[in-house]
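Worksheet: the structure to be examined is printed underneath.
Number of protein chains: 2
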Amino acid sequence: MIIDRSSPIPQYFQLQTWLIEQIEQGVFKPSDKIPTEEELAQITGLARATIRQAIQNLVNLGYLSRKRRLGTFVLNREIETDKRTIIGILIPDIRRGYAPELARGAEDEAARSKHSLILCNTDDLFVKADFHADRLIDNNVGGVIFVPTAASDEKNRLIVEKFIRKNIPVVLADRSIPDLNVDLVTTDNFDGAYEITKYLILKGHQRIAITLSTLFSTERQRLEGYKKALTNYKIPIDPTLILTDNGPFNEKQYLKFAHTLLKQKNNVTAVFAGHDRIALLFYSAANQLGLSIPEDISIVGYDDLHFTTVALTTMHQPIYEMGQESMRLIMSRISGDIKESKEIILKSYLVERCSVLP
Amino acid sequence: MIIDRSSPIPQYFQLQTWLIEQIEQGVFKPSDKIPTEEELAQITGLARATIRQAIQNLVNLGYLSRKRRLGTFVLNREIETDKRTIIGILIPDIRRGYAPELARGAEDEAARSKHSLILCNTDDLFVKADFHADRLIDNNVGGVIFVPTAASDEKNRLIVEKFIRKNIPVVLADRSIPDLNVDLVTTDNFDGAYEITKYLILKGHQRIAITLSTLFSTERQRLEGYKKALTNYKIPIDPTLILTDNGPFNEKQYLKFAHTLLKQKNNVTAVFAGHDRIALLFYSAANQLGLSIPEDISIVGYDDLHFTTVALTTMHQPIYEMGQESMRLIMSRISGDIKESKEIILKSYLVERCSVLP
DNA sequence: TTTGTTTAATTGTCTATACAAATATACAAA
DNA sequence: TTTGTATATTTGTATAGACAATTAAACAAA
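Protein chains in written order, with the working numbering: chain A, 781 to 1138; chain B, 781 to 1138.
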């Protein structure tokens, strides 16, 4: 029985629902002709006008198309997926650190296939990321590249889930979020940190300080790499040489660390700065204290932001490529080419300049 | 007579057209109640079912809304303009110079009113700008912020006209294009250059070199400001102290200029670098030649990109604000608040650091 | 004062019927 | 072969009338 006449649901609506069901279950396939109004009137026992009302609604909704003399036909329902050519990118701040490089890599790759990139600055704050997430969803983006914020893992997970609920694929860039089955593009921070620490050790340094934030997965991995290298080379890990902050990057905090380290020295001959922007602060601090790098102290960074005024030895991260790979991944996910979640780990390499003395 | 019964145009359609006319001419205003179906049947002489057909179509088209017992009401027809919330920004390279700051200002301002920003890198090339322009038009952007490329004025004009033809408002940021009646947000480069040159003169410098590109309107204006200051202070303009390039920014070229200037000195005591990135190259060059700034030579820049490693005296350009103002301007143009084209000239100010000695 | 009931106005749903318009198809005429 | 004509089929437009559902507003009861 197609129509329940005792139901309070309008009969034209019941018919409409039934027709949609038939279409979605493939009983009526795209370009099939459905029964004529007269036939449907016979089948359902409704008046032709009622049949027409149901059918007209489905025409308005894009399910059907009618042709005089010929009948009513099922349309291809693939109008939904047409304009999803916009990708969102959620980065901390387009002015700072590696964000410009990452954005450029992503944008170049997007442009190659005529996709567009919407820029969102989170300032590493959950609230801003959340705000932008809603905006991107409103804009009907096809996918999102997300650099997790400095908020808790739970909160970052919330952001990701917001997209996933709307069927918008997400790729995490640089930083990971535990227990989340989602694509990730990053570099091998453990390995990179191991290598650069090893480099300092082989240059003869024994008292190597490190300063970074424990807030981000990337920097935590670097700390582990540092420890592993020391252990492997049988150098005791001295907790007083590990200066960690547990907040987002804060110039004042690290400048203080730098001053502390450079003043009381404590036999430290080299510093592993958690990333280049920290390293740069060591140059400022050294400058203020009348010390010079590398003569008075050696320093290495991480990232390889191209500073033209200082010759920092650092671990080059392929940030541009990270942007590219993230975009490629998001696009193959949009096109449905891949199903399982994927991790792309890019290789970093050491760039030897003039901030380390034996 | 509302309905012409002899016309081949369906009567429900005639009624529909008439109703739309009444609404658009303001006879029925938003939230007004239109006559009831029964009344319309009386007025037009049509059957109620025919009236209903016309009205139902207008409901589907978003002109009307119906409430049982209450009647049928005119809706606000502002649904068309709601989706044009995406703005494009065409900048040279998000990784370089003031681009990140400009993009951030624009993005923050866009986010305030829930607009989104699509990022496009032109690398100062016409072809890339043109490619992105087509893409932005495809994406149905509501407006565009455009930093003209290093191509000819004609070519930049072509880009702008491409948007204008599609009724997409354009705001030029930073650089202007002659003979084009379009919004512009920039800073007073002539005035800024005059001020910073005056500053050098008042510090006692007489032999002041300048090096910049003549390709961009901004830098040309700076050159004029420089000349004007010299003239006003009765210092002869020495063409050998004016090193200009007529191409886009090219590190090698300017590094060569820097070397030339620093080596043969020629009594030059101060250099006005066309912008901060050029100034930075002077630091590199000085470093390589074993000279120090400001002891051996004074230098000033233009832009105030915040370099943490050098203490450059420079002219601060309100780039962030330029991004903000550009976005505000584009939004008021989208909403149709303003008609005539508008120029917003922001003020720069001198930031005195330690790169100039008396 | 609050809550429930009635009433009247208006849109919502539905039936039955008729003729108009478009057009694929077959067939006839030039 | 081409062109015109008739025919059948199906959707498109239109009418008249009936009853259902919703709800603002007035009124009644607790």
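Cβ coordinates follow ideal geometry from the N, Cα and C atoms, glycine included.
Check, Outcome
"Under the three-state reduction of DSSP, which class applies to A/M1111: helix, strand or coil?", "helix"
"What residues are listed by DSSP as bridge partners for B/T1024?", "B/L992"
"Determine the direct distance from the alpha carbon of B/I976 to that of B/M1095, and round the result to whole angstroms.", "7 Å"
"List the residues of chain B whose Cβ lies closer than 7 Å to the Cβ of A/E1063, in chain order.", "As written in the sequence, residue 1063 of chain A is Tyr, which differs from the Glu given in the question. Those within 7 Å of A/Y1063 in chain B are T1089."
"Quick one: what does DSSP say B/I1017 is sitting in, helix, strand or coil?", "coil"
"Strictly by DSSP, which residues pair up with A/E1123?", "A/L964"
"Mind reading off the beta-carbon distance from B/R884 to A/N1030? Whole number of angstroms is fine, and I expect it under 8 Å.", "In fact, because the Cβ distance is near 19 Å, the residues do not count as touching under 8 Å."
"Give every residue of the same chain whose Cβ lies closer than 7 Å to the Cβ of B/L1071, excluding the five residues on either side of it in the sequence, and list them in chain order.", "L1042 and I1077"
"State buried or exposed for A/M1107, treating a residue as buried only when at least 16 other CB atoms are found within 10 Å of its CB.", "buried"
"Within its chain, find whatever has a CB closer than 8 Å to the CB of A/F853; leave out the 5 residues flanking it on each side and keep chain order.", "S811, D812, K813, I814, L844, S845, R846 and K847"
"Is the separation between the beta-carbon of A/L870 and that of A/F906 shorter than 8 Å?", "no"
"Per DSSP, A/S845 forms a beta bridge with which residues?", "A/F853"
"Would you verify that the beta carbon of B/N1030 is, or is not, closer than 8 Å to some beta carbon of chain A?", "no"
"Ordered along the chain, which non-local residues of its own chain (more than five positions away) have a Cβ less than 6 Å from that of B/S1121?", "N961, V962 and D963"
"Grab me the residues of A/F1037's own chain with a C-beta within less than 6 Å of its C-beta, minus the 5 sequence neighbours each way, in chain order.", "T991 and L1023"
"Which partner residues does B/V907 have in the DSSP bridge list?", "According to DSSP, B/V907 bridges with nothing at all."
"Excluding the 5 residues flanking B/D1099 on each side, which residues of the same chain have their C-beta closer than 6 Å to its C-beta?", "Sequence check: residue 1099 of chain B is Ile here, not Asp. Answer for B/I1099: Y878, E881 and L882, listed in chain order."
"Can you give me the start and stop residues for the beta strand (DSSP E) that A/T1076 sits inside?", "The amino acid occupying residue 1076 of chain A in the given sequence is Asp; Thr does not appear at that position. Looking at the DSSP string, A/D1076 is not in any beta strand (DSSP E), and its letter there is neither H nor E."
"Can you list, in chain order, the residues of its chain whose CB lies under 7 Å from that of A/H912, leaving out five sequence neighbours each side?", "L870, C900 and T902"
"To the nearest angstrom, how far is the alpha carbon of B/G972 from that of A/I874?", "27 Å"
"Got a sec? Which residues, its chain only, sit under 6 Å from A/P1142 by beta carbon, not counting five neighbours each side?", "In the structure as shown, chain A begins at 781 and stops at 1138. Residue 1142 of chain A is therefore absent and cannot be evaluated."
"Within a Cβ cutoff of 7 Å, which residues of the same chain sit near B/I774, ignoring the five residues on either side of it in sequence?", "In the structure as shown, chain B begins at 781 and stops at 1138. Residue 774 of chain B is therefore absent and cannot be evaluated."
"Take every Cβ of the segment 792-810 of chain B, pair it with every Cβ of the segment 831-840 of chain B, and state whether three or more of those distances are shorter than 8 Å.", "yes"
"DSSP state of A/A821, grouped into three classes?", "helix"
"Tell me the DSSP bridge mates of B/V1131?", "B/T1094"
"Could you say which of A/I782, A/Y1129, A/R987 and A/K946 lies nearest to A/Q802 if we only look at CA atoms?", "A/I782"
"With a CB to CB cut of under 8 Å and the five nearest residues on each side skipped, what residues in its chain are close to A/R955?", "V927, P928, T966, F996, S997 and T998"
"Would you check if the distance between the CB atom of A/G1103 and the CB atom of A/E817 is smaller than 8 Å?", "no"
"How big is the Cα-Cα spacing for B/P1074 and B/N1046?", "17 Å"
"Is the beta carbon of B/S993 less than 8 Å from the beta carbon of B/V1080?", "no"
"A/I1015 and A/Q986: beta carbons closer than 8 Å?", "yes"
"Rounded to the nearest angstrom, how far is the Cβ of B/A1091 from that of B/R1133, given a contact under 8 Å?", "4 Å"
"Looking at B/T1089 and A/L1060, is the spacing between their C-beta atoms short of 8 Å?", "yes"
"For A/D1025 and A/F1062, I'd like the C-alpha separation in whole angstroms.", "16 Å"
"So, A/A1066 versus A/I988, is the Cβ gap smaller than 8 Å?", "no"
"For a cutoff of 8 Å on Cβ pairs, would you count A/R1002 as touching chain B?", "no"
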